[in-house]
Amino acid sequence: MRVVVLTGAGISAESGVPTFRDADGLWEGHRVEDVATPEAFDHQPSVVHRFYDARRAALLAVQPNPAHHALARLEAALGDDLLVVTQNIDDLHERGGSTRVLHMHGELRSALCRGCGGRSPWDHELADLPPCPRCGVTELRPDVVWFGEVPYEMERIQQTLDRTDLFVSVGTSGAVYPAAGFVQYAGRRGARTLELNLMPSEGTHLFDEARHGPASELVPAWVDEVLG
Ligand code: APR
46 MRVVVLTGAG ISAESGVPTF RDADGLWEGH RVEDVATPEA FDHQPSVVHR
96 FYDARRAALL AVQPNPAHHA LARLEAALGD DLLVVTQNID DLHERGGSTR
146 VLHMHGELRS ALCRGCGGRS PWDHELADLP PCPRCGVTEL RPDVVWFGEV
196 PYEMERIQQT LDRTDLFVSV GTSGAVYPAA GFVQYAGRRG ARTLELNLMP
246 SEGTHLFDEA RHGPASELVP AWVDEVLG
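Residue 226 in my numbering sits at position 181 of the sequence shown, with consecutive numbering throughout.
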């Protein structure tokens, strides 16, 4: 069985990483257009850098939860037949043991150079405008996909969805495209579709089945079911 699992902020919520659209979510304290658009970065780079620097630093204090670990367990059994596509920019899937993970919205622990286009592993601040380790130019930006930009790996994601038997969405509100459209795309190509989310997402009616509750409980239970 070939499986694609799409994850969103909800899978990391119980690790202590704030989601975007829930009460106390990240977008509650910030206007999206002030920190998550290329225009914001052009106008106020230091505000944008401080926002992502704080989130990168906060990663040190959080740990993967049973939902991340369960997906790693599933990967150990399915190998290449499982792909995790995450909208999250944290590294909790990797720290939970997953290796086949696509970060379609980029990664906090990476910096993107606007000079040479190179992506470099990054664990420090960017607000103090360090030079690019590759080309030396001081044009580094957070390696995250902002509103109005094209997500990473879309071709590979689409090709994998084309031949998946089961599409599972975990902890995402279904508010942001293209990820919100994956359920219909996979469903039209014959995949069974399952939602695992705390609350019904915006697209919950598009799934063949939806289960609601905390990811730390739903995901391990579903993985146990798959592994029989
Ligand atoms: N277990 C399962 N689901 C949860 C939990 C939990 N413990 N806590 C919250 N959720 C659910 C919420 O009910 C909500 O539906 O996770 C979802 C989080 O939704 P969003 O905050 O909108 O996050 P996400 O869907 O990942 O956002 C998509 O929006 O701003 C952008 O680039 C950002 O990647 C992000 C994208």
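Backbone N, C-alpha and C fix where the C-beta goes; we use that ideal spot for every residue, glycine too. Nothing here was measured: the structure is a model prediction, and the numbers come from that model.
List the endpoints of the continuous alpha helix (DSSP H) containing residue i.
| i | result |
| --- | --- |
| GLY151 | It is not in any alpha helix (DSSP H) - GLY151 instead sits in the beta strand (DSSP E) that spans 151-158. |
| HIS113 | 111-123 |
| VAL93 | 90-104 |
| PRO265 | 260-272 |
| VAL80 | 77-80 |
| ALA172 | Looking at the DSSP string, ALA172 is not in any alpha helix (DSSP H), and its letter there is neither H nor E. |
| ARG233 | 227-233 |
| GLU139 | 137-140 |
Using the Cβ count rule (16 or more neighbours within 10 Å means buried), how would you classify residue i?
| i | result |
| --- | --- |
| LEU105 | exposed |
| PRO109 | buried |
| PRO337 | In the structure as shown, the chain starts at 46 and stops at 273, and residue 337 therefore has no counterpart that could be examined. |
| GLU194 | exposed |
| ASP135 | buried |
| PRO204 | This sequence places Gln at residue 204; Pro is not what is there. Exposed is the call here. |
| PHE192 | exposed |
| CYS158 | buried |
| THR350 | With the chain covering only 46 through 273, there is no way to say anything about residue 350. |
| VAL182 | exposed |
| ALA156 | buried |
| TYR97 | buried |
| HIS257 | exposed |
| GLY124 | exposed |
| SER248 | Per the sequence shown, residue 248 should be read as Gly rather than Ser. Classification of GLY248: buried, given that the 10 Å Cβ count is 16 or more. |
| PRO187 | buried |
Following the continuous beta strand (DSSP E) through residue i, name the residue where it begins and the one where it ends.
| i | result |
| --- | --- |
| PRO187 | 185-189 |
| ARG164 | 164-166 |
DSSP puts residue i in a beta bridge; with which residues?
| i | result |
| --- | --- |
| GLU254 | LEU239 |
| THR52 | THR131, VAL215 |
| HIS148 | THR131 |
Closer than 8 angstroms to a non-hydrogen atom of ligand 2 - does that hold for the CB of residue i?
| i | result |
| --- | --- |
| TRP72 | The ligand content of the structure shown is limited to ligand 1, which means ligand 2 is not among them. |
Quiz prompt | Entirely enclosed alpha helix (DSSP H) segments - the segment 174-218, minimum 4 residues | solution = If one requires a minimum length of 4 residues, the alpha helix (DSSP H) runs lying completely within the segment 174-218 are 199-207, in chain order.
Quiz item: Between the segment 108-122 and the segment 64-80, do at least 3 Cβ pairs fall closer than 8 angstroms?
Solution: The segment 108-122 is not in contact with the segment 64-80.
Self-check item: Cβ contact (3+ pairs, closer than 8 angstroms) linking the segment 80-96 and the segment 247-255
Solution: Touching, no.
Quiz item: Should the segment 212-227 be regarded as contacting the segment 56-68, the criterion being three or more beta carbon pairs within less than 8 angstroms?
Solution: Enough Cβ pairs lie closer than 8 angstroms, so yes.
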